[in-house]
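**Student:** The sequence shown maps to residues 143 to 317 in my numbering.
Can you read through this structure? Questions will come right after.
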Amino acid sequence: MDRDRRKRRSFFDEMFGIDPLQGMDEMFDRLGRAMDMSVENVGQHPFVYGFSVTYRHGEDPEIREFGNIPTFEQMETGDKCYLDIRKPLIDILEAEEKVHVIAEIPGIEKENILLNATDLILDIETIDGNPKYSERVELPVKVDPQSAKATYKNGVLEVTFKRLESSSRTSINVE
């Protein structure tokens with residue numbers, strides 16, 4: 143039986159290049175440790191935790207966490223965590239000329255959403271809402287922050303940027 147299990151795992155690894163459960167144990171351990179932590183306002187706010195996994199051909203899988211569970215750094219340093227501030231579920235879609243950032247932030251009024259961007263980062267923050275959301279999104283490619291257009295409908299925020307042209311590759315002759 144162990145031999146069959148090794149064959150299946152080996153086949154999956156060969157086909158997809160990764161073990162699909164790699165790192166999941168660590169995330170569940172983290173969730174358990176966070177539940178054991180004493181945090182401010184424990185009875186007043188729910189614990190929210192989730193993750194999304196994105197597979198792209200030829201790349202390592204990308205695991206994004208969301209919710210209001212403390213980070214590893216907060217647990218290790220004992221920093222205070224705020225259960226009333228959540229990390230939204232984020233999805234990033236790359237098109238030929240645009241980059242779309244989609245964030246689920248239900249229960250927020252459009253006027254209470256603050257967005258700031260650079261060529262590689264989008265900061266999302268909400269104020270005067272319950273719950274509050276805050277997230278720094280690292281963009282996969284350089285974008286033009288001046289081109290940003292944002293819409294918010296039914297709890298879903300979509301921010302669209304124009305991609306900046308990547309530097310063209312030039313051959314260099316050695317003299």
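In this text, a Cβ means the ideal position worked out from N, Cα and C, and glycines have one as well.
Under DSSP, the beta strand (DSSP E) around V298 begins and ends at which residues?
**Tutor:** Looking up residue 298 in the sequence shown gives position 156. Unbroken beta strand (DSSP E) run through V298: 298-305.
**Student:** At which residues does the beta strand (DSSP E) containing R278 begin and terminate?
**Tutor:** As a working mapping, residue 278 is identified with position 136 in the sequence shown. Run containing R278: 274-280, per the beta strand (DSSP E) assignment.
**Student:** Going by CA-CA distance only, name the one from E201, F303, R198, E253 that's closest to Y294.
**Tutor:** Here residue 294 refers to the residue found at position 152 of the sequence shown. When each option's Cα is compared against that of Y294, the closest is E253.
**Student:** Under 8 angstroms, do F208 and K240 count as touching if we go by C-beta distance?
**Tutor:** Along the sequence shown, read from residue 1 onward, the residue named residue 208 stands at position 66. Along the sequence shown, read from residue 1 onward, the residue named residue 240 stands at position 98. No, Cβ-Cβ distance for F208 and K240 is not below 8 angstroms.
**Student:** Looking at the structure shown, is K284 part of a helix, part of a strand, or coil, going by DSSP?
**Tutor:** As a position in the sequence shown, residue 284 is number 142, starting the count at 1. Reduced to three states, the DSSP call for K284 is coil.
**Student:** Is the CB-CB distance between P287 and A245 below 8 angstroms?
**Tutor:** Position 145 of the sequence shown holds residue 287. Position 103 of the sequence shown holds residue 245. Their beta carbons are not under 8 angstroms apart, which means P287 does not touch A245 by this criterion.
**Student:** Do you know whose CA, among G249, L299, D270, lies nearest L257's CA?
**Tutor:** Residue 257 sits at position 115 when you count from the first residue of the sequence shown. The candidate whose alpha carbon is nearest that of L257 is L299.
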